[in-house]
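Respectively, the protein sequence lines represent chains Y and U.
Numbering follows the numbering used here, with no gaps: position 63 of the first sequence is 63.
Quick note, the numbering used here runs 292 ahead of the 1-based positions in the second sequence.
Built from N, CA and C at the ideal position, the CB exists for glycine as well.
A short worksheet on the structure shown next.
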Amino acid sequence: MGIIKAVNLIFDYIRHDDEENKDEINHALRGVSLDIAEGSFVAVLGHNGSGKSTLAKLMNGILLPTEGTIYISNMSTSDEEHLWNVRKTAGMVFQNPDNQIIGNVVEEDVGFGPENMGVPTKEIWERVDESLEAVGMTAYRLQSPNKLSGGQKQRVAIAGVMAMKPRCIVLDEPTAMLDPNGRREVIRTVRELNRQEGITVLLITHYMEEVIDADRVVVMDGGHVVMDGTPKEVFSHVKELKQYSLDVPQVTELADELRAEGLALPEGILTIDELADSLAGILNGEKAWQSK
Amino acid sequence: MLRDITLGQYYPVDSVLHRLDPRTKLFGTLVYIVTLFIADHILAYIAAAVFLTAAIRLSRVPVKFMVRGLKAVVFLLLISVSFNLFLTPGRPIFTIGFLKMTWEGVEIAAFMSIRLVFLVMGSTLLTLTTTPNQLTDGLERSLGFLKKVGVPVHEVSMMMSIALRFIPILVEETDKIMKAQMARGADFESGNLIQRAKAMVPLLVPLFISAFRRATDLAMAMEARCYRGGEGRTKMKPLHYERRDRMTYLVYLLYFALCVAIRFL
């Protein structure tokens, strides 16, 4: 059993009218089961309203499942007793960088989590130093968060989670409000944490470019998991992805179009280099054939 | 206009004043304010000026930051100066209609404005050299005794520190909404006071909605980081008095004694 295990999760948003009657029920998740291995980098894709953000919030007990159970390293989030341990184990980074920074100085914000956990002062400082170093923000530790760029703020938020020493980080569309530079910055940081510190990463996003390097891609639509596999496997099904209103990376799309025109390209091309190599292979083959 | 408020804007440099315990600085500000209000002689103002100048020099914060904080009170200053100038009874300098400027008025107005300027500069210096978190920490510790009578000291100080953190963000947001509405023809600058106040309504509605949304987000982020009130919480920067704090208290004592002496001489 992996670090995160979801069993048949169902979640409904229920809106009540003035007389406390159930007015409107929105089924955000309709039976999601997932098992995520420790140390892996998993990306969850889905367009708006697919239930991906709800799934993220269930993972550290901000929302509790209507039905089904979600286990974070064998602790059920629905179990009141384990709630704080769940939150310590699965840290969470949100979309809006401004609305999750509590401290007025970068280092104080990073120390906020450990303070809440009751970590002794000396250790808080060690953790803050380590976390800021890990996300490359040590030079800004005495700055006000308001003076940072979006990407930098998001890295501070990641450091704030890191300082709680989680085994897993859930990032709920951390790059949605950032410019392309900020996006790259954040994704690079997350990937490094995954590789160097061995932290399990669950990245929720709708940018295709960010999921190429993931170990596993989960596609959600209408509250269900509809596709699950390595990026190569998932991106081989260009038509199916489009049906879920998702784009594929440009290179993959180009390769797909070329294949439709009759070029013998393999499926699931994700990077420019891969495409270039395959094309070069085909061209060389043709030359060899012509010179015969 | 809104950008001129320097309250809650920490100026990050390393100085003696920055390193002082926030309780020391809070107490110092209190002493300073008290001495300003008991001052009734020019010597007392000179003492206050010396005290303030020394503090500013020690803080290594450029003076322009404190002056910037003054802009916000210029209006208040003007009103109180003119009231004092014309409404103080005494020996007249000249009269225009029913308005009579008096020598006593000039004197009171001058002292009044010095007092106000010193007051604002002193308290701005506190917020420039103390991070809002330290400040609220200091208040939390100094007022800790109120917890015994059921005042939620930790919660209030947390609220204050968050409010301070969001001031610049909301100011920026106001600016953005204003520009967006101006681009669509909204007029915030012309008309009389009532018209201008009315023009602000469409500004306040989106601002409030966004503030509520931010509050929900922030509460979620805090819970996700294991925040559950003041119980069982440790401090990254716990407060404890150092030698320099004891020295500073000594300086306060001397300064205060001096001001009291001037008052009763």
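9 angstroms Cβ cut-off: residues of chain U touching residue i
i, result
"M164/Y", "R517 and C518"
"T121/Y", "T526, K527, M528, K529 and P530"
"Q100/Y", "D509, L510, M512, A513, M514, A516 and R517"
CB contact below 9 angstroms: residue i versus chain Y
i, result
"Y533/U", "no"
"M358/U", "no"
"R506/U", "yes"
"D467/U", "no"
"R295/U", "Any reading at R295/U is ruled out, since the residue's pLDDT is 47, under 50, leaving its predicted position unreliable."
"R457/U", "yes"
"L510/U", "yes"
"A513/U", "yes"
"I454/U", "yes"
"T298/U", "Only weak support exists for where T298/U lies, its pLDDT of 44 falling under 50; the coordinates are left without a value."
Proximity test, Cβ basis, 9 angstroms: residue i and chain U
i, result
"P65/Y", "no"
"N116/Y", "yes"
"Q243/Y", "no"
"N48/Y", "no"
"P174/Y", "no"
"Q152/Y", "no"
"N194/Y", "no"
"V190/Y", "no"
"K52/Y", "no"
"N26/Y", "no"
"K57/Y", "yes"
"V161/Y", "yes"
"V128/Y", "yes"
"I36/Y", "no"
"I124/Y", "yes"
Which of helix, strand or coil DSSP assigns to residue i
i, result
"E108/Y", "helix"
"K5/Y", "strand"
"C551/U", "helix"
"M164/Y", "coil"
"K392/U", "strand"
"K22/Y", "strand"
"M358/U", "helix"
"Y302/U", "coil"
"V365/U", "helix"
"T298/Y", "Since the displayed chain Y opens at 1 and closes at 292, residue 298/Y lies outside it and no answer follows."
"D247/Y", "coil"
"D467/U", "helix"
"R352/U", "coil"
"Q224/Y", "Sequence check: residue 224/Y is His here, not Gln. The answer is strand: DSSP assigns H224/Y an E or B state."
"L202/Y", "strand"
"V135/Y", "coil"
"V387/U", "A small correction: the amino acid at residue 387/U is Thr; Val does not occupy that position in the sequence shown. Strand, per DSSP."
"F329/U", "helix"
"L45/Y", "strand"
"S76/Y", "strand"
"V170/Y", "strand"
"D273/Y", "helix"
"L148/Y", "coil"
"L294/U", "For L294/U, the predicted model reports a pLDDT of 45, less than 50, meaning its position is unreliable and no value from the coordinates is stated."
"G320/U", "helix"
"D313/U", "coil"
"H82/Y", "helix"
Residue i versus residue j: straight-line alpha-carbon distance, rounded
i, j, result
"M512/U", "P460/U", "21 angstroms"
"C518/U", "W125/Y", "18 angstroms"
"V305/U", "G113/Y", "25 angstroms"
"R433/U", "R315/U", "8 angstroms"
"R538/U", "M452/U", "28 angstroms"
"E192/Y", "V161/Y", "15 angstroms"
"D172/Y", "V105/Y", "24 angstroms"
"V7/Y", "G51/Y", "15 angstroms"
"F403/U", "K356/U", "22 angstroms"
"D98/Y", "P145/Y", "8 angstroms"
"G397/U", "I385/U", "10 angstroms"
Contacts of residue i in chain U (Cβ-Cβ under 8 angstroms)
i, result
"I62/Y", "M512, E515 and A516"
"I70/Y", "By Cβ distance, chain U contributes nothing, its closest Cβ being about 15 angstroms from I70/Y, past 8 angstroms."
Contact set between residue i and chain A, taken where Cβ atoms lie within less than 9 angstroms
i, result
"L45/Y", "Reference to chain A is not applicable here, since the protein chains of this structure are Y and U."
Per-residue contacts from residue i into chain Y (C-beta, under 8 angstroms)
i, result
"R423/U", "The sequence given here has Thr at residue 423/U, not Arg. Going along chain Y in sequence order, the residues near T423/U (Cβ under 8 angstroms) are N104, V105 and E108."
Within chain U, the residues that residue i reaches when beta carbons sit closer than 7 angstroms
i, result
"M92/Y", "A516"
"F112/Y", "R517"
"K88/Y", "C518"
"I169/Y", "Within 7 angstroms Cβ-Cβ: nothing; I169/Y doesn't reach chain U, min ~11 angstroms."
9 angstroms Cβ cut-off: residues of chain Y touching residue i
i, result
"P460/U", "S144 and N146"
Proximal residues of chain Y, C-beta to C-beta of residue i below 7 angstroms
i, result
"P304/U", "L142 and Q143"
Inside the region 499-545 of chain U only - alpha helix (DSSP H) runs reaching at least 4 residues: none
Run through the region 413-500 of chain U for me and flag every whole beta strand (DSSP E) of 3 or more residues, listed as ranges in chain order. none
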